[in-house]
Amino acid sequence: MALREYITHNFWLKLLSLLLAAMIWITVRNLQQGGTIKRPTDIVHEERLFARLPVVVLKPADDPQTWSVLPASAEVTVSGPRRILQNLSARDVEVFVNLTDVLEGDRLIKKLQVHLPPGVALVNLQPKDARVERRPANP
4 MALREYITHN FWLKLLSLLL AAMIWITVRN LQQGGTIKRP TDIVHEERLF
54 ARLPVVVLKP ADDPQTWSVL PASAEVTVSG PRRILQNLSA RDVEVFVNLT
104 DVLEGDRLIK KLQVHLPPGV ALVNLQPKDA RVERRPANP
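Going by my numbering, the sequence shown opens with residue 4, and the numbers climb by one from there.
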């Protein structure tokens, strides 16, 4: 195999490998010399509190029963990148009780669940449980 063919065979893979090796070497050398890796400011995580969010009942579509939830609202603390949290509204954070697996019972204690947009993490939820009661049917 000629030298030129040896260099040009899989050239892009060789170049990519060389670039990755250089990036790893620079990173390790920087860390060994007491340096730190800084995150860009646009991905700094912050926290945000949403108070008095309504608790919604999630039930099967064919369930004619009505349910009441106590407490009827919850407090949710979330964290995420600053740019996402700045655009986040209370409508984007959904607190719910899942009753799709309930077969019987008039009074239940169920865990509250939270649906959040991508990139947002749940930090705290108060309360964690809710009392769910079946309402009597109106004649």
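Quick reminder that beta carbons are idealized off the backbone N, C-alpha and C, glycines included.
With distances taken between CB atoms, is the gap from Val135 to Lys113 smaller than 7 Å?
yes
Any beta strand (DSSP E) of 3 or more consecutive residues that is wholly inside the segment 32 to 101:
48 to 61, 70 to 73, 76 to 84 and 97 to 101
Separation of Lys17 from Tyr9, as counted between CA atoms:
11 Å
Tell me whether Lys17 sits in a helix, a strand or coil according to DSSP, three-state version.
helix
Between the CA atoms of Leu34 and Val96 - distance to the nearest angstrom:
39 Å
Are at least three pairs of beta-carbons, each pair with one atom in the segment 118 to 135 and one in the segment 63 to 72, less than 8 Å apart?
yes
Does Ala5 come out as helix, strand or coil in the three-state DSSP assignment?
coil
Please confirm whether Gln68 has its beta-carbon closer than 7 Å to some beta-carbon of chain D.
Protein chain content of the structure displayed is limited to a single chain, and chain D is not contained in it.
8 Å contact criterion, which Val100 and Leu56 should meet: CB distance rounded:
The pair is not a contact, with the Cβ atoms about 13 Å apart (cut-off 8 Å).
Identify, in the order they occur along the chain, each residue of the same chain with its Cβ nearer than 7 Å to the Cβ of Leu119, setting aside the five sequence neighbours on each side.
Val81, Val96 and Leu125
Compute every distance between the C-beta of Val81 and the non-hydrogen atoms of the ligand NAP, then say whether any falls below 6 Å.
This structure simply doesn't include the ligand NAP, nor any ligand for that matter.
The beta strand (DSSP E) with Val117 in it runs from where to where?
Arg110 to His118
Any idea which residues DSSP pairs Val135 with across the strands?
Val72 and Leu111
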